[in-house]
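The structure appears below as structure tokens.
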Amino acid sequence: MPSTALDPLLAVDGVTVRFGGLVALSDVRLSISPGTVVGLIGPNGAGKTTLFNVLSGIVSPNEGTVSWKGSPLRGHRPHHLANLRIARTLQGLNLFANMPVLDNVIVGADRLSKVGMASMLTGLGRFQRDERRLRQRAMKALEEFGVAEFAHALPGMLPLGAQKRVALARALVADPELLLLDEPASGLSAEEVRELGEHIRSFRERMGVLLVEHHMDLVMEVCDHIVVLNFGEVIASGTPDEIRADPAVTEAYLGASAEGDNGE
42 MPSTALDPLL AVDGVTVRFG GLVALSDVRL SISPGTVVGL IGPNGAGKTT LFNVLSGIVS
102 PNEGTVSWKG SPLRGHRPHH LANLRIARTL QGLNLFANMP VLDNVIVGAD RLSKVGMASM
162 LTGLGRFQRD ERRLRQRAMK ALEEFGVAEF AHALPGMLPL GAQKRVALAR ALVADPELLL
222 LDEPASGLSA EEVRELGEHI RSFRERMGVL LVEHHMDLVM EVCDHIVVLN FGEVIASGTP
282 DEIRADPAVT EAYLGASAEG DNGE
């Protein structure tokens, strides 16, 4: 049965992951609907990265299912995400150091290409029209995030905040329906975090978002719903106000870090 606008885009149902004798995730459940921002928080070692890796297809759960638009995902891998219209950003950014910023963003548009990406980037064959179309799309994405001036620079020449905006442009250039953000505020200044929050709020108009983040002010400001992990288990799930008022969350996470801290 096809999904409707009210159905979750992504649903995690009873996911358990074991690494030998270690239970990294235990019966985790959450869902992300179109037009919503869901935050995933918890102290270091809570299982956030493991869950992100399950969703990305890096780790396979021992139990439970991950469903995309109502259909279980089985055996998916990171390179399948683009065709599913799922995009992600990583803590390490993963920008190609020897490739100009514009070409880095074009790589994110591979799903929209009518030709092979390798052929397009090397200029082989009669693909000029397709290349021009994707370059225009990539430039528009760079303009959206205020980094178009760096289009022909190498990523390493940019400050961290600009590199993160390039990574966002690459993630969004192919018009995903779901965006997975892995600690996008890490290392950013207060002003850059404020701008990031504005971008995330604007994403609601076109996609669902899962935000894995330590910066609590950002999470509380932009999220519609928050899921809290501790030792691999969901200990709370609710609105920002409900999470603030939950004593289990205060004990496990919020009380362990300074208010507004964006550190680990």
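Note that the sequence shown covers residues 42 to 305 in my numbering. Positions of the beta carbon are idealized from the N, C-alpha and C atoms, including for glycine.
Per DSSP, what are the beta-bridge partners of residue i in this structure?
i	result
residue 171	According to DSSP, which records beta bridges pairwise, residue 171 is partnered with nothing at all.
residue 58	66
residue 250	78, 220
residue 53	71, 107
residue 130	222
residue 112	109
Considering residue i, what are the terminal residues of the alpha helix (DSSP H) in which it resides?
i	result
residue 99	Residue 99 -> no alpha helix (DSSP H), and no H or E assigned at all.
residue 143	142-148
residue 262	257-263
residue 288	288-293
residue 123	122-125
residue 207	201-213
Would you call the CB atoms of residue i and residue j closer than 9 Å?
i	j	result
residue 187	residue 174	no
residue 106	residue 148	no
residue 97	residue 113	no
residue 361	residue 69	Residue 361 cannot be examined here, being either before or after the span of the chain that is shown, 42 to 305.
residue 229	residue 202	yes
residue 254	residue 122	no
residue 259	residue 238	yes
residue 140	residue 195	yes
residue 281	residue 261	yes
residue 191	residue 250	no
residue 51	residue 219	yes
residue 110	residue 151	no
residue 293	residue 263	no
residue 234	residue 256	yes
residue 222	residue 130	yes
residue 284	residue 267	yes
How far does the beta strand (DSSP E) with residue i in it reach, from first residue to last?
i	result
residue 266	266-271
residue 21	Here the chain covers residues 42 to 305 and nothing more, so residue 21 does not appear.
residue 235	It is not in any beta strand (DSSP E) - residue 235 instead sits in the alpha helix (DSSP H) that spans 231-244.
How should residue i be labelled, buried or exposed, when 16 other C-beta atoms within 10 angstroms of its C-beta is the threshold for buried?
i	result
residue 271	buried
residue 35	No information on residue 35 is available, as it lies outside the stretch 42 to 305 that the chain covers here.
residue 247	exposed
residue 88	buried
residue 99	exposed
residue 211	buried
residue 167	Unreliable positioning characterises residue 167 in this predicted model, as indicated by a pLDDT of 48, which lies under 50. A coordinate reading is not provided.
residue 226	buried
residue 208	buried
residue 63	exposed
residue 224	buried
residue 204	buried
residue 215	buried
residue 145	buried
residue 213	buried
residue 137	exposed
residue 117	buried
residue 244	buried
residue 73	buried
Report yes if the C-beta of residue i is less than 8 Å from at least one heavy atom of the ligand FAD; otherwise report no.
i	result
residue 90	Among the components of this structure there are no ligands whatsoever, and the ligand FAD is therefore not found.
Assess, as a yes-or-no matter, whether the segment 179-193 is touched by the segment 121-139 under the definition of 3 or more beta carbon pairs within less than 8 Å. no
Between the segment 258-276 and the segment 48-67, can you find at least three pairs of beta-carbon atoms closer than 8 Å? yes
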